[in-house]
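Below is one structure; the comments refer to it alone.
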Amino acid sequence: MSRKQLVVIGNGMVGHRFLTEAAELGLVATHHVIVCGEEPRPAYDRVHLSQFFEGKDAAALALATVEEYEQLGIELRLGDPAVAIDRNAKRVHTRSGATLEYDTLVLATGSRPFVPNVPGNDLPNCFVYRTIEDLEAIRDAAARAESGVVIGGGLLGLEAAGALVSLGLAAHVVEFMPRLMPLQVDDAGGAVLRDRIEALGVQVHLGKQTTSITRTASGSLELAFADGSRLETDLVVFSAGIRARDDLARAAGLSIGDRGGIVVDARCRTSDASIYAIGECASLGGKTYGLVAPGYRMAEVVARTLAGKDAACGDFDLSTKLKLLGVDVGSFGDAFAATPGARVISLFDGVARVYKKLVLSADRRRLLGGMLVGDASSYASLQSYVQNGIDVGDHPEALLVPPSQGGAPSGPGVENLPDSALVCSCHNVTKGTICTVIREQGLAELPAVKKCTKAGTGCGSCATLVADLLKAELVRAGVTVNNHLCEHFPHTRQELFHIVRVRGIRTFEQLIREHGRGQGCEICKPAVASILASTWNDYILKKEHAGLQDTNDRYLANIQRDGTYSVVPRVAAGEITPDQLIALGTIAKKHGLYTKITGGQRIDMFGARLEQLPAIWRDLVDAGFESGHAYGKALRTVKSCVGSTWCRYGVQDSVGLALRLEHRYKGLRSPHKLKGAVSGCARECAEAQGKDFGVIATERGFNLYVCGNGGMKPQHAVLLAADIDADTVVRYLDRFLMFYVRTADRLQRTATWLNKLEGGIDYVRKVVVDDSLGIAAELEADMARIVNTYQCEWKTTLEDPDKVRMFRSFVNSDTPDPSVVFVREREQHRPAFWSEKQRLLEQGRVRLPVVPA
Amino acid sequence: MLATNDSRSEAKNEACGLEPGESKELVWIDVCAMDDVLPGAGAAALIEGEQIALVRTMDGVLYAISNFDPFSRAFVIARGIVGDRGGVPKIASPIYKQSFDLRTGVCLDDSNVRLPVYPVRVVAGRVQVCPVPRRVA
Ligand SMILES: Cc1cc2nc3c(=O)[nH]c(=O)nc-3n(C[C@H](O)[C@H](O)[C@H](O)COP(=O)(O)OP(=O)(O)OC[C@H]3O[C@@H](n4cnc5c(N)ncnc54)[C@H](O)[C@@H]3O)c2cc1C
Ligand code: SF4
Ligand code: FES
Numbered sequence: 001m002s003r004k005q006l007v008v009i010g011n012g013m014v015g016h017r018f019l020t021e022a023a024e025l026g027l028v029a030t031h032h033v034i035v036c037g038e039e040p041r042p043a044y045d046r047v048h049l050s051q052f053f054e055g056k057d058a059a060a061l062a063l064a065t066v067e068e069y070e071q072l073g074i075e076l077r078l079g080d081p082a083v084a085i086d087r088n089a090k091r092v093h094t095r096s097g098a099t100l101e102y103d104t105l106v107l108a109t110g111s112r113p114f115v116p117n118v119p120g121n122d123l124p125n126c127f128v129y130r131t132i133e134d135l136e137a138i139r140d141a142a143a144r145a146e147s148g149v150v151i152g153g154g155l156l157g158l159e160a161a162g163a164l165v166s167l168g169l170a171a172h173v174v175e176f177m178p179r180l181m182p183l184q185v186d187d188a189g190g191a192v193l194r195d196r197i198e199a200l201g202v203q204v205h206l207g208k209q210t211t212s213i214t215r216t217a218s219g220s221l222e223l224a225f226a227d228g229s230r231l232e233t234d235l236v237v238f239s240a241g242i243r244a245r246d247d248l249a250r251a252a253g254l255s256i257g258d259r260g261g262i263v264v265d266a267r268c269r270t271s272d273a274s275i276y277a278i279g280e281c282a283s284l285g286g287k288t289y290g291l292v293a294p295g296y297r298m299a300e301v302v303a304r305t306l307a308g309k310d311a312a313c314g315d316f317d318l319s320t321k322l323k324l325l326g327v328d329v330g331s332f333g334d335a336f337a338a339t340p341g342a343r344v345i346s347l348f349d350g351v352a353r354v355y356k357k358l359v360l361s362a363d364r365r366r367l368l369g370g371m372l373v374g375d376a377s378s379y380a381s382l383q384s385y386v387q388n389g390i391d392v393g394d395h396p397e398a399l400l401v402p403p404s405q406g407g408a409p410s411g412p413g414v415e416n417l418p419d420s421a422l423v424c425s426c427h428n429v430t431k432g433t434i435c436t437v438i439r440e441q442g443l444a445e446l447p448a449v450k451k452c453t454k455a456g457t458g459c460g461s462c463a464t465l466v467a468d469l470l471k472a473e474l475v476r477a478g479v480t481v482n483n484h485l486c487e488h489f490p491h492t493r494q495e496l497f498h499i500v501r502v503r504g505i506r507t508f509e510q511l512i513r514e515h516g517r518g519q520g521c522e523i524c525k526p527a528v529a530s531i532l533a534s535t536w537n538d539y540i541l542k543k544e545h546a547g548l549q550d551t552n553d554r555y556l557a558n559i560q561r562d563g564t565y566s567v568v569p570r571v572a573a574g575e576i577t578p579d580q581l582i583a584l585g586t587i588a589k590k591h592g593l594y595t596k597i598t599g600g601q602r603i604d605m606f607g608a609r610l611e612q613l614p615a616i617w618r619d620l621v622d623a624g625f626e627s628g629h630a631y632g633k634a635l636r637t638v639k640s641c642v643g644s645t646w647c648r649y650g651v652q653d654s655v656g657l658a659l660r661l662e663h664r665y666k667g668l669r670s671p672h673k674l675k676g677a678v679s680g681c682a683r684e685c686a687e688a689q690g691k692d693f694g695v696i697a698t699e700r701g702f703n704l705y706v707c708g709n710g711g712m713k714p715q716h717a718v719l720l721a722a723d724i725d726a727d728t729v730v731r732y733l734d735r736f737l738m739f740y741v742r743t744a745d746r747l748q749r750t751a752t753w754l755n756k757l758e759g760g761i762d763y764v765r766k767v768v769v770d771d772s773l774g775i776a777a778e779l780e781a782d783m784a785r786i787v788n789t790y791q792c793e794w795k796t797t798l799e800d801p802d803k804v805r806m807f808r809s810f811v812n813s814d815t816p817d818p819s820v821v822f823v824r825e826r827e828q829h830r831p832a833f834w835s836e837k838q839r840l841l842e843q844g845r846v847r848l849p850v851v852p853a
Numbered sequence: 001m002l003a004t005n006d007s008r009s010e011a012k013n014e015a016c017g018l019e020p021g022e023s024k025e026l027v028w029i030d031v032c033a034m035d036d037v038l039p040g041a042g043a044a045a046l047i048e049g050e051q052i053a054l055v056r057t058m059d060g061v062l063y064a065i066s067n068f069d070p071f072s073r074a075f076v077i078a079r080g081i082v083g084d085r086g087g088v089p090k091i092a093s094p095i096y097k098q099s100f101d102l103r104t105g106v107c108l109d110d111s112n113v114r115l116p117v118y119p120v121r122v123v124a125g126r127v128q129v130c131p132v133p134r135r136v137a
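Sequence order for the protein chains is D and G.
Each residue of the first sequence is one higher than the last, beginning at 1 in our numbering.
Each residue of the second sequence is one higher than the last, beginning at 1 in our numbering.
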C-alpha cells in the first residue's frame, strides 16, 4: 500500500509545530509529508524576531534545520511558494512549476502585515516588520538614517520602535487612537505606558492619522497627518495590524470569513474535508488569531485528528505581553471587564510608574482578567489564576500589591496553584509536569527546565512563572535563591521604603513582624535602620534602633582593623579656623590619637577605644565641633575649592555654596554614603564631577552634576541642569537626593543607581527638573522634614547617661580593652600587627580563647 | 543559652549542654543586670580575664560566646549584629561579617572555625556566666 500524501503549505511557526507534532504521532511513517515554504529558510522564531537586532542571527532564531527535517523524513521545498490549489485534482501548483498531489492538505500560510492605503506607502525606506528579510532591510537602511517612524502604536509597533532605538535612531511612534496599545490597555494604563516608552527615548504621537508620505528634496520622507501637522524622518515602518493570507484558499473556492481568514471548524477543517487550515490564516468562530499559542493548539488538533485521535479547539488564551526591555505590559483574560457584573480594582503608582488593574467576577472570588503596566512580574501567575479559575480568597486586592509592596505573601504565589494548573499555554504544560521534571532530573537552571519541558519556549510569557516554580522547587530542596533583601524580607529595599512610608512604620520590630519573618540579620537590620532614618529621622541610638546599626553607626565612629575606632568631626566645606585646628590638635594629643587628613578635607583621628569615644567627643563638642557622620551611610562632605573668595579665576563663592549644602544635608541617611563638591570655576579643583552631586560655577550661575563617584569603579557625574542659581541648586538637590534615597537598592551608590535606572539621566531630569511624576513637592517636603529634625548625634548621646554607658568596653568592668596594643611608627602610632601581638601573647598580656575539644 | 523567662528552669540545663544536676557544680559569676544587654544586641564582658560577648536575641534568649573574632583577630564579636539565618540564632562579626551560631559557636560561613560558648543564666534579673567553655557535641 502506497503512503498517503500529506502536503503542508507554509513553514512558519505553526506549520513547524504541526510537523513536529505529526512526527511525534507517527504520521511521517504513514504519510509522505511534503512542505512548501515561501521563505528561503526553515521555520524560525518570529515571536522573538526583534532579538535579531540584539545579535541573534537567523541561525540562532531557527526552530529547525534542513537536516532535521531530512532526518524526520519530511520533504522540504523552500523558496517555492504554492500558487494554486486544484481541489478537483487534489493538486498544489508551486511557483517553480512543480505539482504536488495530496490526500490531505494543511494550510499554514500565516498573515501579512497590513499596510494602510496611504499615498507614498511604497516609497523606498518604507518597511514592514514580519520576516528576517524585513529586519535585514531595516538594519541596512538604519545605518544611513538618523530617525525612524513606526506607524502603529500596538504591541508590535512598540517592539519595532524599541528596535529602532537600539539601532541608534531617534524613534517616533504614530498611533491613530488616543492611546498606545489600545487593544490591551485602558486610558490609565496607556498614560503610564506612554511615560515609560518616552523614557526609552521614543517620541509618541497619539491621535494622528497619516494621510500621505512624500519624498523631500533632501531625500528624506515626510509624513502628513489629518490634523495638518507633519513629521520628517529617514525611514518608516508600518505596523498597523495583520491580515490573514487567505488568497490561495479564496481562489480555490474555500469559504472565507467576513473579516478574512479561512473558515474552519473546531477540528480546523475547512469547507473542503481534505483541507485543514491552522495558525493565523485560519478563521475559527468568525475570528482570526494573531498569536502563536492558538496556532500551536490548532496544529496539535490537526495532527491528532489525522492520527485518528480525538481533538478539538477549545477557548484560546489571548493573553499578551509586550517584550520590550524596561516596559512591562501584560494584558490577560477579560482585561476590559466586559463580563456582566464584573468588578474592577486597580492601583496607580505615579512614583514607580506602575498601573495594575484586576477584573473580578461579580462574587469577587475569581479573577477574570487584568492589565499590568510598568510591573508585569505577576503576569504569569495572575494569568494562571484566570486560566485555572482559582479562588482568590477574601482579599483579592492583595494580588495587586505583590509581596513586594506589603501585599499578602500568599498573593499570586506559585505555591497556591494546583498541580493541574496550566502554566505554559503555548506547549500545554502543567505545573505538575514542570515540578516533577525539575525534581526527578534534579534541574537547577531555567534553560534546562525549558529544554526538558518545552514550557516557556513558545511566546515566552510564562517564563517568569516557570522560573518561580524552579525557585520554589529549589527552596524546597534546600537551595536558597531569591532576589529579596535577605531571607527575612520578601521585598526589595525600595519596596520596604514604600511600606515604611505608606504604613507609617517606625520600628524594625513592627516591620519584621508585619512584613517579614525571623529575627533579622546584618543585611536587613542596617538597611531598615537606614530607611527608618531617611523617613522619620529619629535619633539612631534610641533603644529600639540601636541593635539595628552596623557597629559604626552604633558607636558613631569608624571601626578599624584592631577593633578601635576613628573619629571625624565635621569640617563643613573644608573651611576651618586656626583655633579649630589648634583645638583638634590638642584633643588628639590629649587622647593619644593618630591623625591624618582625609580626602574629604577633614581630619581623621584614629586609635580610640570604645570607652574613650564619649570623652573625646565631649571635648570636641565643647570646642564647637559636631558629628561628621563619617561612620554613616549618609552625607559625608561637600568638598570645595576656595573659589572667588581668594582664587583669581573663581567666578562664584564655591565655599559659601558648599557650606550651605553640607549644612543642609548633613545627617541625611541614604542607601550608601553621599559625597558632594563645589568648584569655583570650570578648572574644577574640587573634583565635583567625581561626586554623587557636584556643582561647578559658571559666569551665569552653577552647573549641577549628579551620580559621579570615585572608588573602585570611578564614573564621571553627568549634567543635570546648567546655569541655575543657588536656590535652584538646592531645590533640585532636595528632589534628586530624596528620589535616590527612596528608590535605590541597599548599598547602591548614585552612579550604579543611575546606570540601572530606565531612561537614565533623561528620566532623572524629567522627575527632578520637569516634575513629570508630580512628586517634586512631596520630595521637597520630605527633605525639609529631615533638615528640620537634624541633630548632632554625638551631642544627643552625651546628654543621656544611659547612652554613654553603651560605650563601655565591658559591661562589668572599666578596664580598658587589654587586647588593643599600639606600636610607634613615623612619630605617631598604629595598631600592632598580629605577629607583633604574638610576643604579647607569650608574655600573657593578651589571652586567646580556647575552644574545648 | 537560657530563656529569660525564669519559669523555664527545666529547659535551662539542657540548653546549657549540661547533665541535669550538673549545674550545681559550675562556678557562676555575676556579670551585670539583664537590662545591660539590649534585646537584639550584644555586650562585651571581661570575666576572669576572658572576653565574653553576652548576646540577647529579639525573642529574649541570652547567649554567651567568645568576644574574639578569629577572622580579624580583634575582640569585637559583641559589637556585631544579632539575628538568625534560617532560624539559627547568630551574630555577625562587625569586621568582615562572618556569622557564628550562638548556640554552638560554629561559624556558619566556615564550619572549620568555632568559637567557645559559655553557660549563662539569669537569676533575679542578674546575668551569671560560667567562664569555662561548654563542650559542644
Ligand atoms: C515581531 C513579531 C513579534 C511577535 N510577538 C508575538 C508574541 O509576543 N506573542 C505571540 O503570541 N505572537 C507574537 N507574534 C505573532 C506570531 O509570530 C505569529 O502568531 C506566528 O508566527 C503565527 O504562525 P503562523 O505559522 O500562522 O504564521 P507565520 O509564522 O507567519 O508562518 C507562515 C509562513 O507561511 C509562508 N507562506 C505564506 N503563503 C505561502 C504560500 N502560498 N506558499 C508557501 N508558503 C507560504 C510565509 O512565508 C510564512 O513563512 C509576533 C510576530 C511578529 C512579527
Ligand atoms: S576651580 Fe577655579 S575657582 Fe576653584 S580653585 Fe580651581 S581655579 Fe580657582
Ligand atoms: S505560554 Fe507561551 S511559552 Fe509558555
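Each residue gets a CB set at the ideal place from its N, CA and C atoms; glycine is no exception.
Residue of the options minimising C-alpha distance to residue i
i: D:G168; options: D:A188, D:M181, D:A160, D:S147; result: D:S147
i: D:Y385; options: D:L779, D:S361, D:G374; result: D:S361
i: D:F606; options: D:Y631, D:V621, D:S283; result: D:Y631
i: G:A64; options: G:D109, G:A43, G:V123; result: G:A43
i: D:G667; options: D:G79, D:E842, D:N537; result: D:N537
Exposure label - residue i; buried when at least 16 CB within 10 Å
i: D:L635; result: buried
i: G:N112; result: exposed
i: D:S819; result: buried
i: G:D35; result: exposed
i: D:A163; result: buried
Residue i: CB within 7 Å of a non-hydrogen atom of ligand 1
i: D:Y129; result: yes
i: D:E300; result: no
i: D:S111; result: yes
i: D:E280; result: yes
i: D:L291; result: yes
i: D:N428; result: no
i: D:C36; result: yes
i: D:V14; result: yes
i: D:V47; result: yes
Proximity of residue i and residue j at Cβ, strictly below 8 Å
i: D:Y379; j: D:T492; result: no
i: D:L27; j: D:A277; result: no
i: D:D814; j: D:R805; result: no
i: D:S670; j: D:K633; result: yes
i: G:I77; j: G:D84; result: no
i: D:G10; j: D:T94; result: no
i: D:V528; j: D:L556; result: no
i: D:T728; j: D:K675; result: no
i: D:A686; j: D:S654; result: yes
i: D:K543; j: G:L54; result: no
i: D:A583; j: D:A623; result: yes
i: D:S381; j: D:D315; result: no
If you pair each beta-carbon of the region 710-722 of chain D with each one of the region 638-653 of chain D, do three or more pairs fall below 8 Å? no
Take every Cβ of the region 336-349 of chain D, pair it with every Cβ of the region 147-158 of chain D, and state whether three or more of those distances are shorter than 8 Å. For the pair of segments examined, the region 336-349 of chain D was found not to touch the region 147-158 of chain D: the number of CB pairs separated by less than 8 Å stays below three.
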